[in-house]
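In my numbering, the protein residues as written are 31 to 133. Quick reminder that beta carbons are idealized off the backbone N, C-alpha and C, glycines included. One structure is given here, and the rest of the page talks about it.
Rendered as structure tokens:
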């Protein structure tokens with residue numbers, strides 16, 4: 031069984047026991063978090079599609095840790111003009127463990 035869930039504007043495929051890296055959540059480490067924007071439920075071939083969400087379906091998760099992603103270097107250059115800009119970025123993520131899917 032898996033679901034497609036909307037978490038902070040991004041869609042993720044969630045299965046029980048899997049780990050997801052989502053944008054930083056305002057929850058403490060070890061806290062339980064519920065997401066109720068379930069867009070699709072696939073229960074062994076039986077598919078329910080929401081309009082826009084499936085009623086009564088939710089995903090229960092546990093926050094494992096808060097971490098940062100890989101460093102991204104943004105480099106801009108215009109040739110023959112002496113223009114160079116270098117900028118770095120590290121995205122903040124939250125690692126969540128899918129405990130159960132209620133559908």
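Inset, instruction - Determine the closest residue to residue 101 out of 116, 107, 111, with distance taken between C-alpha atoms. - result: Walking along the chain shown from the start, residue 101 turns up at place 71. Taking only the C-alpha atoms, the option nearest residue 101 is 116.
Inset, instruction - For residue 81, name the three-state secondary structure that DSSP assigns. - result: For the purposes of this step, residue 81 is taken as residue 51 along the chain shown, with counting starting at 1. Correct three-state label for residue 81: coil.
Inset, instruction - Indicate the three-state DSSP secondary structure (helix, strand or coil) for residue 144 in the structure shown. - result: Given a span of 31 to 133 for the chain in the structure shown, any question on residue 144 remains unanswerable.
Inset, instruction - Output the boundary residues of the beta strand (DSSP E) element that contains residue 26. - result: Nothing in the structure corresponds to residue 26, since the chain is present only between 31 and 133.
Inset, instruction - Look up residue 58 in the DSSP assignment and say whether it is helix, strand or coil. - result: Locating residue 58 in the chain shown gives position 28, where the first residue counts as 1. In the structure shown, residue 58 adopts coil according to DSSP, grouped into three states.
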